[in-house]
Amino acid sequence: MKIQKRIDLLVQLGQYIQDGGDAELDTVIRKSTADNPWFTEENVRFALQSISSSMLQESELNAWIAQYTLPESNFPEKSVGLVMAGNLPLVGFHDWLCVFVAGMRAQVKLSEKDQHLLPFLVKKMAEWDFESWAYTEFLKPDERLHGFDAVIATGSNNTARYFEQYFGKYPHIIRHNRNGIAILNGQETADDLHALGIDIFAYFGLGCRNVSKLYVPENYNFEPLLEALHAYNALALHNKYINNFDYNFTLYVLNNMPYMNNGCLLLREDPSLQSRIASVHYEYYTDLNSLNAHLASLKDQIQCIVGKLVLPDHVVLPFGKSQAPSLTDYPDGADVMAFLCGL
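Plus 5 on top of the position in the sequence shown (first one is 1) and you've got the working numbering.
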């Protein structure tokens with residue numbers, strides 16, 4: 006398949022998702038939610054729509070690939086191993102997309118937490134154009150990567166160390182834990198704070214782009230924030246989420262740790278960027294210059310920043326946009342397409 010044919014097929018997939026899919030997609034979503042209670046139907050459809058609107062539009066795809074010199078071949082000549090995470094629905098889609106667009110074969114090791122969605126989308130594309138089958142191989146649960154030219158692996162800090170040892174001798178991109186942060190100045194509107202709730206609560210806060218840490222000015226008034234975020238209190242109806250909330254709440258109380266609580270989220274002052282499920286850390290800053298320098302020192306731990314303030318050394322996304330990455334929002338800042346073009 007030529008590049009433009011692959012792009013056309015991706016655009017068709019995007020339109021299929023935007024149109025709501027079909028009964029087959031509904032069945033696959035039900036399988037995913039049955040296998041993984043964190044994958045609610047709302048979250049799965051949110052992931053699908055985000056992918057469709059941000060990654061599968063013709064103009065954006067063509068502008069994206071124009072930045073690279075891609076080989077023009079009718080058949081994949083190189084193979085790239087993809088070790089995918091399973092914390093969010095289709096969290097590895099962008100890696101697969103890059104390999105497909107680059108004209109290489111993706112050898113995919115799926116997470117046991119997300120085994121249905123990507124294979125279904127690939128199968129759907131093959132129904133429209135059988136040639137696309139040649140670009141993806143899904144490994145069995147007990148099958149290892151083999152015969153690959155490069156590897157892209159995503160995991161925790163612990164698994165990343167294992168990946169480094171196992172794949173270090175091959176061309177590779179290996180990702181670690183990162184977190185999203187938000188910067189507030191006390192001038193945010195109720196709409197801003199409600200949009201921040203999407204950054205915090207989407208996918209129950211399980212993603213590396215979810216906001217897990219707030220930076221606020223000294224003497225910040227938390228009441229408007231807690232009130233705005235209370236709009237997401239339906240999360241307390243989800244069994245696994247409320248179990249985590251109750252556990253954290255008990256932990257704070259028993260250890261006499263100061264906290265704030267609005268019924269669906271716990272706020273606690275803590276320098277760590279990573280917070281537990283159903284909780285968010287916060288830290289005070291004195292001025293933007295010192296905050297800019299502080300965040301620069303943590304760049305290897307930060308996936309994205311949301312807010313309305315301008316920082317000279319950082320890209321700051323609007324509130325509510327952390328979970329809608331574009332084609333050029335490469336995880337950990339590693340340009341996957343440039344990596345593939347260099348193989």
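In this text, a Cβ means the ideal position worked out from N, Cα and C, and glycines have one as well.
Since the model is a prediction, treat every value here as computed from it, not as a measurement.
Close beta carbons around residue i, own chain, < 6 Å, minus the five adjacent residues each side
i	result
Tyr225	Gly191
Tyr264	Tyr257, Leu271 and Arg273
Ala165	Ile179 and His181
Tyr73	Met342 and Cys346
Gly185	Arg214, Asn215, Val216, Gln308, Cys309 and Ser327
Ser280	Ser217 and His286
Met89	Gly97, Leu115 and Ser116
Ile22	Leu53 and Ser57
Close beta carbons around residue i, own chain, < 7 Å, minus the five adjacent residues each side
i	result
Val127	Thr141
Asn92	Leu211 and Gly212
Glu169	Ile179
Ala233	Ala195, Leu198, His199 and Gly202
Ser277	His286
Supposed contact pair residue j and residue i - C-beta distance, whole angstroms, cut 8 Å
i	j	result
Met342	Ala107	7 Å
Glu77	Lys7	6 Å
Leu87	Ile157	5 Å
Ser84	Met109	7 Å
Leu316	Asn297	5 Å
Leu332	Trp69	4 Å
Leu219	Leu240	About 18 Å separates the two Cβ atoms, so there is no contact after all.
Asp204	Phe324	7 Å
Under the three-state DSSP convention, the category residue i falls into
i	result
Leu272	strand
Ile282	coil
Thr159	strand
Lys174	coil
Arg362	This structure cannot settle anything about residue 362, because the visible part of the chain is limited to 6 through 348.
Arg214	coil
Leu102	helix
Asn297	helix
Leu18	helix
Val96	coil
Met60	helix
Leu322	strand
Beta carbon proximity, residue i to chain C, threshold 8 Å
i	result
Ser137	Given the protein chain composition of this structure (a single chain), no chain C is represented.
Bridge partners - residue i, DSSP secondary structure assignment
i	result
Ala111	Val85 and Thr141
Met265	Leu272
Gly312	Ile188
Sequence-distant residues of its chain with Cβ nearer than 8 Å to residue i (five each side left out)
i	result
Ser161	His181 and Asn182
Lys36	His121
Taking contact to mean 3 or more Cβ pairs, one atom from each stretch, closer than 8 Å, check whether the segment 142-158 and the segment 306-320 are in contact. By the Cβ test, the segment 142-158 is not in contact with the segment 306-320, since fewer than three Cβ pairs between them sit closer than 8 Å.
Per the contact definition of three or more C-beta pairs closer than 8 Å, is the segment 40-56 in contact with the segment 85-103? With the cut-off at 8 Å, the segment 85-103 and the segment 40-56 touch.
Is the segment 236-251 touching the segment 288-306, taking contact as three or more C-beta pairs under 8 Å? Flag = no, the segment 236-251 and the segment 288-306 do not touch.
Give a yes or no on contact between the segment 121-135 and the segment 9-20, applying the rule of three or more CB pairs nearer than 8 Å. Yes, the segment 121-135 is in contact with the segment 9-20.
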